[in-house]
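The block underneath contains the structure these notes are about, expressed in structure tokens.
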């Protein structure tokens, strides 16, 4: 400490000028908050990329009458989601407040099985990346397949990757369903990553404070709201839909979108519940309960 003897200060590697213990606690809390938010940012990026890669590679199996693979998502749609959707949500995660139990964690120790040993790429983060990415891909592929094969007889048209034609109507509607599903899953995932284990519906002060907690991070809140409504112009403005994004407006397919998003949410919540059960059984219980 800065008030220690001259001998102690000279022998110390670090001298703390502020002797207030509360300041030390605040510094530790802020450092851990920044570390957590960096992990949230990276997890959102990597999970989205895993979802894109799995969905697009699997989508190569959908071939039209000429044997050409039909794109589930066009390049413009992918760029729009990565730059116009993901970038704002991921930036918003950087403004998240500290989770309630952040000071209950043991200190980082590089010699032990602790976060510092792995850096931000902890085993939990990598496992979350795979699980969330696969969930995202399954919901996206499922929404496309349900529209095309479940209700439209599996008509994939011809040359639907290049231009719109009456034969491509079903593909364009399925692509719009896939695009909307992926976009809204992006938004939901950002809110789900507020806490790595706590349920989105079990906020620190309970369900009553749910809305207030989401409103607390205004950058993320407005990012989610703006991007949520920005989907509609891209679907229904003439030329923008057929020519730029290469999809078309949807009707009954909205039900498929909502079901896919709910399935993703249930999958994420189930995975978080599994992690909470594992932590309670294999790790010392923190002072703040998860659920």
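Numbering (full-length UniProt numbering), first residue to last: 1 to 291.
Here a beta-carbon is modelled for each residue, glycine too, at the ideal position from N, C-alpha and C.
Contacts around residue i, its chain only, beta-carbon distance under 8 Å, and the 5 residues preceding and following it disregarded
i, result
"residue 256", "143, 146, 147, 177, 181"
C-alpha distance - residue i paired with residue j, whole-angstrom precision
i, j, result
"residue 40", "residue 231", "24 Å"
"residue 29", "residue 106", "12 Å"
"residue 228", "residue 118", "35 Å"
"residue 289", "residue 57", "Confidence at residue 289 is low in this model, with a pLDDT of 44, below 50, so the placement of that residue is unreliable and no value is reported for it."
"residue 291", "residue 276", "The pLDDT assigned to residue 291 is 40, lower than 50, so where the model puts this residue is not dependable, and the model offers no usable value."
"residue 89", "residue 250", "25 Å"
Counted within 10 angstroms of its Cβ, other Cβ atoms place residue i as buried (16 or more) or exposed
i, result
"residue 184", "buried"
"residue 294", "Residue numbering for the chain in the displayed model covers 1 to 291; residue 294 lies beyond these limits and cannot be assessed."
"residue 260", "buried"
"residue 270", "exposed"
"residue 170", "buried"
"residue 36", "buried"
"residue 14", "exposed"
"residue 95", "exposed"
"residue 272", "buried"
"residue 274", "exposed"
"residue 80", "buried"
Of the listed residues the options, nearest to residue i (C-alpha basis)
i, options, result
"residue 278", "198, 217, 229", "198"
"residue 135", "36, 225, 175, 188", "188"
"residue 161", "42, 21, 104, 74", "74"
Cβ-based neighbour list, residue i, same chain, cut-off 6 Å, excluding 5 preceding and 5 following
i, result
"residue 59", "72"
"residue 295", "Residue 295 lies beyond the range of the chain shown here (1 to 291); nothing can be said about it."
"residue 38", "120"
Segment limits, alpha helix (DSSP H) that includes residue i
i, result
"residue 182", "169-192"
"residue 234", "218-236"
"residue 163", "Taken as a continuous stretch (DSSP letters only), residue 163 belongs to no alpha helix (DSSP H), as it is neither H nor E."
"residue 102", "Here residue 102 belongs to no alpha helix (DSSP H), and DSSP marks it neither H nor E."
"residue 23", "21-59"
"residue 274", "253-282"
"residue 78", "75-79"
Nonlocal neighbours in the same chain, by C-beta distance under 7 Å from residue i, ignoring five residues either side
i, result
"residue 139", "181, 185, 260, 263, 264"
"residue 92", "190, 217, 219, 220, 223"
"residue 158", "64, 65, 66, 167"
"residue 281", "none"
"residue 130", "50"
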